[in-house]
Amino acid sequence: DAKTTQPPSMDCAEGRAANLPCNHSTISGNEYVYWYRQIHSQGPQYIIHGLKNNETNEMASLIITEDRKSSTLILPHATLRDTAVYYCIVRVAMDSNYQLIWGAGTKLIIKP
Amino acid sequence: SQTIHQWPATLVQPVGSPLSLECTVEGTSNPNLYWYRQAAGRGLQLLFYSVGIGQISSEVPQNLSASRPQDRQFILSSKKLLLSDSGFYLCAWSVWRGPLSTDTQYFGPGTRLTVL
Numbered sequence: 262d263a264k265t266t267q268p269p270s271m272d273c274a275e276g277r278a279a280n281l282p283c284n285h286s287t288i289s290g291n292e293y294v295y296w297y298r299q300i301h302s303q304g305p306q307y308i309i310h311g312l313k314n315n316e317t318n319e320m321a322s323l324i325i326t327e328d329r330k331s332s333t334l335i336l337p338h339a340t341l342r343d344t345a346v347y348y349c350i351v352r353v354a355m356d357s358n359y360q361l362i363w364g365a366g367t368k369l370i371i372k373p
Numbered sequence: 012s013q014t015i016h017q018w019p020a021t022l023v024q025p026v027g028s029p030l031s032l033e034c035t036v037e038g039t040s041n042p043n044l045y046w047y048r049q050a051a052g053r054g055l056q057l058l059f060y061s062v063g064i065g066q067i068s069s070e071v072p073q074n075l076s077a078s079r080p081q082d083r084q085f086i087l088s089s090k091k092l093l094l095s096d097s098g099f100y101l102c103a104w105s106v107w108r109g110p111l112s113t114d115t116q117y118f119g120p121g122t123r124l125t126v127l
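Chains as they are written, first to last, in my numbering: chain A, 262 to 373; chain B, 12 to 127.
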């Protein structure tokens, strides 16, 4: 079962910041939060990940609440090419490796 | 840089026929390899993962099997396909750097399988 909850869909105007929320209230202390996106009929693309601190890279920013029960992915200046399904994922330990637990994601539509 | 290949891109197979999907990774050594399946409108479901040649772990009981004959080659197979095997199959790789590392998974382009 998915450990995250996301809204099924969101709209955002082109050029504005897109803020995608995610709830992960049962996350454990050593479990990372990952974000991927999937453009229709393509393989998922890694965006960013974090544990406790806020993170930023060339694609996005990740804001994690102090209690780690929720996070927000921010695309600072959305373009039409950012239209995709965005997945918030918790990475859990399994044997000697880790597993990404995927939910249904948020379909983000960027409108001109 | 690392590259992951999957083929074929699309496949239509009759029920009861065999299946072989191939995934290869370039530009890295001893990667962890993964097979996922995605049903329409859903998230990804992990099917198999491998931490080395000949080492396969199965996450979901099913009609499928996986093999890793070479370090950077991962194969998904079935002897007899079922209608329920239809879906989008994705291969991914990561590099394990120890328990404190964050081995990010990177995905291939996928194979869309339709079983009729």
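We put the CB at the ideal spot given by N, CA and C, even for glycine.
Quick one: residues in its chain with C-beta nearer than 6 angstroms to the C-beta of residue i, no 5 flanking neighbours on either side, listed in chain order?
i: A:Asn318; result: Ile309
i: A:Ser322; result: Ile335
Can you find a CB in chain B that lies within less than 8 angstroms of the CB of residue i?
i: A:Tyr307; result: yes
i: A:Trp363; result: yes
i: A:Ala263; result: yes
i: A:Tyr347; result: no
i: A:Asp356; result: yes
i: A:His310; result: yes
Please classify residue i: does DSSP put it in a helix, a strand, or coil?
i: B:Ser78; result: strand
i: A:Ser289; result: coil
i: B:Leu94; result: helix
i: A:Arg342; result: helix
i: A:Asp272; result: strand
i: A:Asn318; result: coil
i: B:Thr115; result: coil
i: A:Lys330; result: coil
i: B:Asn41; result: coil
Just checking: is the beta-carbon of residue i within a distance shorter than 8 angstroms of some beta-carbon in chain A?
i: B:Gly63; result: no
i: B:Asn43; result: yes
So, at 7 angstroms on beta carbons, what are the nonlocal neighbours of residue i in its own chain, with the 5 sequence-adjacent residues on each side left out?
i: A:Thr221; result: Residue 221 of chain A lies beyond the stretch modelled for chain A, which goes from 262 to 373, so this question has no answer here.
Is there contact between the region 358-367 of chain A and the region 48-60 of chain B, where contact requires at least three CB pairs shorter than 8 angstroms? yes
Contact list for the region 16-39 of chain B against chain A, Cβ threshold 7 angstroms: none
Quick one, which residues of the region 320-332 of chain A are near chain B if we go by CB-CB under 7 angstroms, in chain order? none
With 8 angstroms as the limit, tell me which residues of the region 267-291 of chain A have their beta carbon closer than that to any beta carbon of chain B; keep them in chain order. none
Stretch pair the region 276-287 of chain A + the region 342-352 of chain A: three plus CB contacts closer than 8 angstroms: yes
Please identify, using Cβ separations under 9 angstroms, the residues of the region 47-81 of chain B that lie next to chain A, in order along the chain. Tyr47, Gln49, Gly52, Arg53, Gly54, Leu55, Gln56, Leu57, Tyr60, Val62, Ser68 and Glu70
Mind checking the region 91-120 of chain B against chain A and listing, in chain order, the residues whose C-beta falls within less than 9 angstroms of any C-beta there? Phe99, Leu101, Cys102, Ala103, Ser105, Trp107, Pro110, Thr113, Asp114, Thr115, Gln116, Tyr117, Phe118, Gly119 and Pro120
Under 8 angstroms, with one C-beta from each stretch per pair, do the region 116-126 of chain B and the region 12-32 of chain B reach the 3-pair mark? yes
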